[in-house]
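Asks:
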Amino acid sequence: MGDRPALSGLYGPKQPLPVLVEPLGGESTGSFVNRLAHGQGLHLDQLLTRVGFGQASRDPQRVRAYPQLTEMYVNALGLEYLATLCGLSVQTLQEALPSLEQRHLLPEGEEAVWKWPWAPREGHLVPLCSGCGLLRGVTESVWMISPGRWRMCARHLEWTDDHRSSKPVTVSLEGVPETVSAQQQRETLQQEFGSVGGQLFADAFQVAVYCWTCLPDAERWVQRAGSVGLEAFSVRAAPLVVLPEAAQLAKRMVAFERLGERDRSLREKWLAGVRRDMAAWGVDADVGIEPLRQWLSHHREQPAQLGPQDSHAGGSTGPVRLPGSHEFHAQSVWDLGELSCLPWQLGQPACEM
Ligand SMILES: [Zn+2]
Numbered sequence: 000m001g002d003r004p005a006l007s008g009l010y011g012p013k014q015p016l017p018v019l020v021e022p023l024g025g026e027s028t029g030s031f032v033n034r035l036a037h038g039q040g041l042h043l044d045q046l047l048t049r050v051g052f053g054q055a056s057r058d059p060q061r062v063r064a065y066p067q068l069t070e071m072y073v074n075a076l077g078l079e080y081l082a083t084l085c086g087l088s089v090q091t092l093q094e095a096l097p098s099l100e101q102r103h104l105l106p107e108g109e110e111a112v113w114k115w116p117w118a119p120r121e122g123h124l125v126p127l128c129s130g131c132g133l134l135r136g137v138t139e140s141v142w143m144i145s146p147g148r149w150r151m152c153a154r155h156l157e158w159t160d161d162h163r164s165s166k167p168v169t170v171s172l173e174g175v176p177e178t179v180s181a182q183q184q185r186e187t188l189q190q191e192f193g194s195v196g197g198q199l200f201a202d203a204f205q206v207a208v209y210c211w212t213c214l215p216d217a218e219r220w221v222q223r224a225g226s227v228g229l230e231a232f233s234v235r236a237a238p239l240v241v242l243p244e245a246a247q248l249a250k251r252m253v254a255f256e257r258l259g260e261r262d263r264s265l266r267e268k269w270l271a272g273v274r275r276d277m278a279a280w281g282v283d284a285d286v287g288i289e290p291l292r293q294w295l296s297h298h299r300e301q302p303a304q305l306g307p308q309d310s311h312a313g314g315s316t317g318p319v320r321l322p323g324s325h326e327f328h329a330q331s332v333w334d335l336g337e338l339s340c341l342p343w344q345l346g347q348p349a350c351e352m
């Protein structure tokens with residue numbers, strides 16, 4: 000950006016830092032700047048002080064407590080400085096780091112601005128799978144701006160989440176192949192049915208969360224938590240332990256949405272099938288049926304059409320939308336609680352659900 004006003008030329012950094020560090024696609028800006036500092040043999044706060052990184056330099060303790068707590072935002076001039084420092088174009092940086100996208104830039108001014116709010120404005124800070132980091136030659140932790148609260152790497156069987164302070168940082172999924180395949184089923188549903196597939200999976204997950212909250216001592220859930228080294232009954236373990244049941248229920252929900260007729264007897268027949276599933280999970284179906292009735296009340300009308308997505312047609316029917324309380328999201332949302340028409344949150348007490 001050579002034709003920027005003279006300001007950046009006057010005050011900003013003139014040349015790249017000696018050691019080049021590559022940003023990883025989807026990485027948080029704070030994580031990248033942290034690695035950039037380490038690449039030079041500096042602590043993050045030392046780097047920030049030397050290059051005059053605005054407010055960040057005034058609060059070294061907070062910055063040192065990074066990167067699991069805070070994300071870094073810049074204005075346009077700050078972005079230019081950063082690009083010069085790391086020897087990359089502004090465009091390359093913006094393409095790699097989600098929080099540098101145009102819509103996240105701080106208001107323009109005559110000075111470069113860097114800010115570190117306590118939480119990312121969008122998404123969640125979740126570590127990158129360590130195996131995937133190693134493949135890119137990175138040995139330290141990399142924090143991603145993740146649309147959901149956890150990430151699963153099916154290649155390295157690693158689970159990471161946004162639980163900041165608790166150990167372990169990463170969880171091995173070797174003992175729970177059913178959780179890995181549940182996540183793959185989620186992706187398949189999304190490929191087959193687009194956003195509707197994702198929403199139905201989210202609904203199924205919410206029902207499973209409800210069941211887990213009321214009955215966390217179901218044997219299979221306790222066992223799964225144990226086999227990945229997480230505490231049974233812990234909210235952190237919950238998504239990982241209920242995912243297989245959520246995947247099974249999601250299939251049932253897709254089947255329901257595809258029923259032509261939805262009279263009372265078909266609904267009852269469908270419910271009876273789910274009750275049998277729940278009994279097999281070790282969950283009292285009289286408890287589990289409660290959120291399902293809520294779900295059914297939101298899904299009275301049939302979607303316009305729910306068939307496999309037609310990837311080549313221009314789409315004369317438009318995207319399939321579920322009726323009821325499913326909001327339309329302009330940005331890609333991958334957080335199950337936000338996608339669902341069932342309003343509770345994992346971690347809420349059962350009496351508030
Ligand atoms: Zn991996």
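So for the sequence shown, numbering that gives the first Met the number 0 puts the first residue at 0; every next one is plus one. We put the beta carbon where it would ideally sit given N, CA and C, even for glycine. The structure displayed is predicted, hence computed values, not measured ones.
If we require 4 or more residues per run, which alpha helix (DSSP H) segments fall completely within the region 171–240?
Replies: 176–213 and 218–226
Asks: Less than 7 Å between the CB of E139 and some heavy atom of ligand 1, yes or no?
Replies: no
Asks: Answer with buried or exposed for P243, where buried requires no fewer than 16 other C-beta atoms within 10 angstroms of its C-beta.
Replies: buried
Asks: Quick check on DSSP: helix, strand or coil for H103?
Replies: helix
Asks: DSSP on M151, reduced to helix/strand/coil?
Replies: When DSSP states are grouped into helix, strand and coil, M151 belongs to the strand group.
Asks: Going by C-alpha distance, which of G228, L105 and R34 is nearest L172?
Replies: G228
Asks: When the Cβ atoms of the region 88–108 are set against those of the region 22–37, are three or more pairs found closer than 8 Å?
Replies: yes
Asks: Output the boundary residues of the beta strand (DSSP E) element that contains S145.
Replies: W142 to S145
Asks: Where do the ends of the beta strand (DSSP E) carrying V20 lie?
Replies: Run containing V20: none; DSSP gives neither H nor E here.
Asks: Beta carbon of G25: closer than 7 Å to some heavy atom of ligand 1?
Replies: no
Asks: I want to check one thing, is the minimum distance from the CB of E157 to the heavy atoms of ligand 1 below 7 Å?
Replies: Taken from the Cβ of E157, at least one heavy atom of ligand 1 lies inside 7 Å.
Asks: Along the chain, where does the alpha helix (DSSP H) containing V89 start, and where does it finish?
Replies: It spans V89 to A95 - the alpha helix (DSSP H) in which V89 sits, taken as one unbroken run.
Asks: Please go through the region 239–302 and give each complete alpha helix (DSSP H) segment of 4 or more residues, from N-terminal end onward.
Replies: 263–280 and 284–297
Asks: In three-state terms, what does DSSP make of T28?
Replies: helix
Asks: Please report the distance separating the alpha-carbon of V112 from that of G77.
Replies: 5 Å
Asks: With the cut-off set at 8 Å, would you say V241 and A207 are in Cβ contact?
Replies: yes
Asks: Contact check, W211 vs A237 under 8 Å by CB: the rounded distance?
Replies: 5 Å
Asks: Based on Cα-Cα distance, which residue from G130, T83, G40 and L104 lies nearest to H155?
Replies: G130
Asks: Less than 7 Å between the CB of Q39 and some heavy atom of ligand 3, yes or no?
Replies: Ligands in the displayed structure: ligand 1; ligand 3 is not one of them.
Asks: Are the Cβ atoms of D202 and S339 separated by less than 8 Å?
Replies: yes
Asks: Would you call E267 buried or exposed, if buried means 16 or more other Cβ atoms sit within 10 Å of its Cβ?
Replies: exposed
Asks: Taking L124 as part of the beta strand (DSSP E), name the residues at either end of that continuous run.
Replies: Per DSSP, L124 belongs to the beta strand (DSSP E) from H123 to P126.
Asks: Taking L295 as the reference, which of L188, V273, H103 and V18 has the closest Cα?
Replies: Out of L188, V273, H103 and V18, the CA that lies nearest to the CA of L295 is found in V273.
Asks: Leaving out five residues on either side along the sequence, give the residues of the same chain with a beta carbon under 6 Å from the beta carbon of V20.
Replies: Apart from the 5 residues on each side of it in sequence, V20 sits with its Cβ closer than 6 Å to the Cβ of R34, L35 and G38 in its chain, given in chain order.
Asks: Quick check: N74 and L124, are their CB atoms within less than 8 Å of each other?
Replies: Not a contact, by the Cβ cut-off of 8 Å.
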